[in-house]
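Everything on this sheet refers to the single structure shown next.
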Ligand SMILES: [Mg+2]
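Residue numbers (my numbering), protein chains in the order written: chain A, 13 to 644; chain B, 119 to 345.
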């Protein structure tokens, strides 16, 4: 290390006998305690019946110390407006952009304070992500308030396994204030923007549409609206779609004892009957097909990339039919129990120093995929992950950390998926041979292809992907044949489909709405507000209120339901967390932007009524004086 | 007509025919030459200048106003016929029929939504073999008397959807005509240029696409802003 500063010397000299450790949830505290104490932790009651305290001795800071490991339940502090602004009718909602806000502690944390008083050091074991860092600072604030001399450390880890926990203990660091600041900014903006728009639109619309909305809270959030916007946009695209008829020429060839081969037209489709008919007639007048080329080349089906959060949510939703919210809940449970690495990650590259062999080795015990895991260990060069391009520099891709034999239900299914995905990723691409036969009939070109699978490789462990053999008979270049049939067929273009949850997550990711940690929550919110519903095949359909709100805000010209505003905010939050932008100026800038949009929205509020009227019945008319009253 | 004018008209007629295979009625040419000379201040223009200015006028004319047929008669009635020669015609409009008109219209209006292409499958695998459709433009052409369609049977790089309605084309060589549709390849088409003022607006891409979709023609903003 570098030159030691005096404070460091002080820390070294201060005797530490008792260490308070705080995890984000009881589950995590329990598992970490079990690992650190080798299963010998004593348990006593903690701050609530859900947050126990685990006590044990551990070798830390080069000495034996007494450890109390406990937990919180997510955030300790809430952010609220100061008292005069808390009540709905207390002020004009526009004031909420400037009103003073304060953090408050819903419970008084007696037990935590007591533990802090008797300790000399505090180690933060919350999840290693933005929210976790922020929760860590909340714990620090509460503890330091009662014991200012407390020394504070941060444990950094991506999985709750013995190795990872031991490494974290050996390399304790300082908590990262930048990361926590980004959360403070996000919380304050969400509060101001959410409260102002929610109060404005709820109070107004309840009065204008008393019959439909009298008792309804009409919430607004700068993430939920763009999310809703995607659903509405797709619905409208389907409504506006105009189907068109197309025509094409299909060539069939049936050889004796062989399957029927269908050749498809290189021109694909024509959207004009006469033009297609002209070419069809030319083919019919001179129907002899000449084989112009036969090419055969290797073709691979790529094994999956290392699993990141968004990909896990999407695949789980599509392949397991478990929605993103539920998937994350299960994954977090699997993580706190030590079965998988931290499930919130943007990384799809395995770091070089992560030994994959032992991870694969664990899985050889499985009766279902154990043999495949063994194959991976024995393949030349051993586990060989396909690598992606993204890294968040914090956590590795999601992977199993131990073998789980007795997981049941959806927990079992999500775990199995993560394991199979991992094994597939470190195995080998499937290999095939594709044959393409090109033929010419009256100068029109047609093509047919066949596929022979040579080695299934990863497909053997990954039932979520399909690749099927397609047989094609042998054709000789230059040979000729008489097609069994040449047909002119027609069809119609079809509109895009309503969004699946997986599509919606892909859109949120593309436009930077929320983070991998929050996508599922925003989707849940628009469902619970009844802004959207699900069709029988689990696709998102906007509800009347959702449609009307999006149309109303769109008609004001401010793209409230478009992703731009929020994605700028999200990008700034990232910069704050990296220490590249200042917390205060980011906050000021975005408050200013949203306040401006808010004032414009109030000015054009009639457009909201007009957009909603077709769905909710006629708007009540108000006089100009009453109008003004509505705005307060 | 002043005595000198007849010679000038005949010379222009001969020049149009020999250099560009453009055939025009004598009466139209005569009026045109007189107008060109008047515009030019009388007598100071060379034959070459007159030729060029007459050509410019022809490029901007609606061939229907000239009413001078150059294509063999009743092509659209024939099931299948072949024609050889050089014919100068006017293209009234064109449309790419290898793509849905709806998508083309969205793109033209800047409303094509890339969000529609986003789907949940991001773990790309090697793309399966698939036909990559080649563009096929369908042209509405006329020689002023006979209207017919012409299709881009083989890709013709000289053609594109930003050609001005009313542009003049020179069709040349051997061409097959089936069901009233002329089959064109790159060797058959030369773009001469020009437009027809009345058609520029009426047959702009937006309107042609609306027409193909059975939508009412778009209302043009005042001042006739262009697409
Ligand atoms: Mg967390």
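Each residue gets a CB set at the ideal place from its N, CA and C atoms; glycine is no exception.
Owing to the predicted nature of the structure, the values given are computational and were not obtained by experimental measurement.
DSSP, read as helix, strand or coil, puts residue 314/A in coil.
By the neighbour-count criterion, in which 16 or more other beta carbons inside 10 Å mark a residue as buried, residue 268/A falls on the exposed side. Nearest C-alpha to residue 210/A among 561/A, 290/A, 531/A, 446/A: 561/A.
Within chain A, the residues placing a beta-carbon under 7 Å from that of residue 296/B are 290, 293, ordered along the chain. By the CB criterion at 9 Å, residue 30/A and residue 157/A fall outside the cutoff.
As computed with DSSP, residue 185/A is found in a beta bridge with 166/A. Residue 172/B counts as buried, since at least 16 other C-beta atoms from the protein chains shown sit within 10 angstroms of its C-beta.
The residues 235, in chain order, have a CB closer than 8 Å to that of residue 530/A in the same chain once the five nearest residues on each side in sequence are set aside. Residue 141/A and residue 326/B have their C-alpha atoms roughly 55 Å apart.
A Cβ of chain B is located within less than 9 Å of the beta carbon of residue 282/A.
Counting of Cβ neighbours within 10 angstroms places residue 275/B among the exposed residues, the total staying below 16.
Where residue 617/A is concerned, the enclosing alpha helix (DSSP H) starts and stops at 617-628. For residue 293/A, the uninterrupted alpha helix (DSSP H) segment begins and ends at 285-297. Between the stretch 89-101 of chain A and the stretch 119-136 of chain A, the count of C-beta pairs closer than 8 Å stays below three; the two stretches do not touch. Where residue 430/A is concerned, the enclosing alpha helix (DSSP H) starts and stops at 421-437.
Sequence-ordered contacts of the stretch 187-207 of chain B with chain A read 197, 198 [C-beta pairs closer than 9 Å]. For secondary structure counted as the alpha helix (DSSP H) over 4 or more consecutive residues, the stretch 77-150 of chain A holds these complete runs in sequence order: 95-98, 122-130. When secondary structure is reduced to three states using DSSP, residue 529/A falls in the coil class, being assigned neither helix nor strand. At least one CB of chain A lies nearer than 9 Å to the CB of residue 332/B. C-alpha of residue 443/A to C-alpha of residue 65/A: approximately 54 Å in a straight line.
If you check the CB distance, residue 333/A and residue 361/A do not come in under 9 Å. Nearest CB-CB separation between residue 252/B and chain A: below the 9 Å threshold. For residue 276/A, the enclosing beta strand (DSSP E) has its first and last residue at 272-277. Taking CB atoms only, residue 286/A has a neighbour in chain B less than 9 Å away. In this structure, DSSP gives residue 484/A a state outside helix and strand, which the three-state scheme calls coil. Residues 255 of the same chain have their beta carbon placed closer than 7 Å to that of residue 506/A, with the five preceding and five following residues left out of the count. Under the three-pair Cβ rule at 8 Å, the stretch 334-346 of chain A counts as touching the stretch 529-549 of chain A.
Linking residue 284/A to residue 216/B through their CA atoms gives a straight-line distance of about 8 Å. Proximity to residue 376/A across 262/A, 366/A, 388/A peaks at 388/A, based on C-alpha coordinates. Going by beta carbons, residue 621/A and residue 601/A fall outside the 9 Å limit. Put simply, the backbone Cα of residue 306/A is about 57 Å away from that of residue 592/A. Near chain B, meaning a CB-to-CB distance below 8 Å, the residues of the stretch 498-523 of chain A are 505, 508, 512, 514, 515, 517, 518, 519, 522. Residue 249/A has a beta carbon lying within less than 9 Å of a beta carbon in chain B. Within the stretch 530-560 of chain A, contact with chain B at the beta-carbon level (separation under 8 Å) is assigned to no residue.
Under DSSP, residue 461/A shares a beta bridge with 448/A.
Contact of residue 253/A with chain B by beta-carbon distance below 8 Å involves 220.
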